[in-house]
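Student:
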């Protein structure tokens, strides 16, 4: 599988994102939700009306020509989609009586991991790449194995290494053989990581290599997600 990978400047600030909880990373993969959290980090609490105005102004500034329907769309999406997801992730709280939205004392915020600088510095491609790792334990283990191997392995070797890691850390009922792991890697995990720009996978030769060195150093990334 090929992908349109465009190099990014290596962003060490983005590696801090790996320390956040997987649920936070996944819910903030959507740029509009990151914009909401950035506003709340700066203002602590805000009415939903003010929030919609700020988010809409920011969105309009990115457009070459005005969109008269944008404010309504933003308000609907925030109310019905994005704010409920942020609330479910434990990042925001909404006071129905006052109509005020505020940050919750989520560990990722309270511990200082998630701040305005991080949200501003990590671009969408980098965010999606890290989210793709955190969506499954196997992908984090895969990066660790690649780092230990110097960044390149065959599918068979990679599956064998992952099977040995599973053998030492799992119960008998959870252990998988290398062949089963190879099938899952080939059809699911490697295409996803290939699409993120972190891993290059040639399905014809079954060669797996790290492709994201311009985005993240492999050893640093593997250590961060581990």
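Residue numbers (full-length UniProt numbering): 1 to 226.
In this text, a Cβ means the ideal position worked out from N, Cα and C, and glycines have one as well.
By DSSP, does residue 209 sit in helix, in strand, or in coil?
Tutor: strand
Student: Take residue 219 and list the residues in its own chain whose beta-carbon comes closer than 6 Å to its own, dropping the five residues that flank it on each side.
Tutor: 147
Student: I want to know whether the segment 195-210 touches the segment 104-115 - three or more CB-CB distances under 8 Å.
Tutor: no
Student: Here's the rule: buried if 16 or more other CB atoms are within 10 angstroms of the residue's CB, otherwise exposed. What is residue 27?
Tutor: buried
Student: Under 9 Å, do residue 159 and residue 179 count as touching if we go by C-beta distance?
Tutor: yes
Student: Look up residue 100 in the DSSP assignment and say whether it is helix, strand or coil.
Tutor: Of the three classes helix, strand and coil, the one that applies to residue 100 here is strand, per DSSP.
Student: Can you give me the C-alpha to C-alpha distance between residue 104 and residue 119, rounded to a whole angstrom?
Tutor: 17 Å
Student: Report the option in 57, 226 and 157 whose CA atom is closest to the CA atom of residue 39.
Tutor: 57
Student: For residue 24, I'd like the list of residues in its chain whose CB is within less than 6 Å of its CB, leaving aside the five on either flank, ordered along the chain.
Tutor: For residue 24, where only same-chain residues beyond five positions count, the Cβ hits under 6 Å are 108.
Student: Taking all protein chains shown into account, decide if residue 20 is buried (16 or more other Cβ within 10 angstroms of its Cβ) or exposed.
Tutor: buried
Student: Could you tell me whether the Cβ atoms of residue 113 and residue 36 are closer together than 9 Å?
Tutor: no
Student: In the DSSP assignment, the alpha helix (DSSP H) including residue 145 goes from what residue to what residue?
Tutor: 137-149
Student: Tell me, which residues are paired with residue 225 by DSSP?
Tutor: In DSSP, residue 225 forms no bridge with anything.
Student: Since I believe residue 165 is in contact with residue 176 (beta carbons under 8 Å), could you give me their beta-carbon distance rounded to a whole number of angstroms?
Tutor: Contact check for residue 176 and residue 165: beta-carbon distance about 11 Å, past the 8 Å limit, so the pair fails to qualify.
Student: With a 10 Å radius around its C-beta and 16 neighbouring C-beta atoms as the bar for buried, classify residue 181 as buried or exposed.
Tutor: buried
Student: If I'm right that residue 81 touches residue 140 with Cβ under 8 Å, what's the distance once you round it to whole angstroms?
Tutor: Going by Cβ atoms, the distance from residue 81 to residue 140 rounds to 28 Å, so no, they are not a contact pair.
Student: By alpha-carbon positions, which one of 223, 217, 216 and 152 ends up nearest to residue 206?
Tutor: Of the listed residues, the one whose Cα sits closest to residue 206 is 152.
Student: Taking C-beta to C-beta, are residue 71 and residue 53 nearer than 9 Å?
Tutor: yes
Student: Keeping to the same chain, check which residues put their C-beta closer than 8 Å to that of residue 129; ignore five residues upstream and five downstream.
Tutor: 196, 197, 198, 212, 215 and 216
Student: How long is the line joining the alpha carbons of residue 45 and residue 77, rounded to whole angstroms?
Tutor: 19 Å
Student: Would you identify the three-state DSSP class for residue 23, choosing helix, strand or coil?
Tutor: Residue 23 sits in a helix when the DSSP states are folded into three classes.
Student: Determine, using beta carbons only, whether residue 187 comes closer than 9 Å to chain B.
Tutor: Among the chains in the structure shown there is no chain B, since it carries only a single protein chain.
Student: Kindly list the residues whose CB is nearer than 7 Å to the CB of residue 75, restricted to its own chain and excluding five residues on each side of it in sequence; keep chain order.
Tutor: 52
Student: Whose C-beta lies closer than 6 Å to the C-beta of residue 89 among residues of the same chain, with five residues either side of it excluded?
Tutor: 23 and 27
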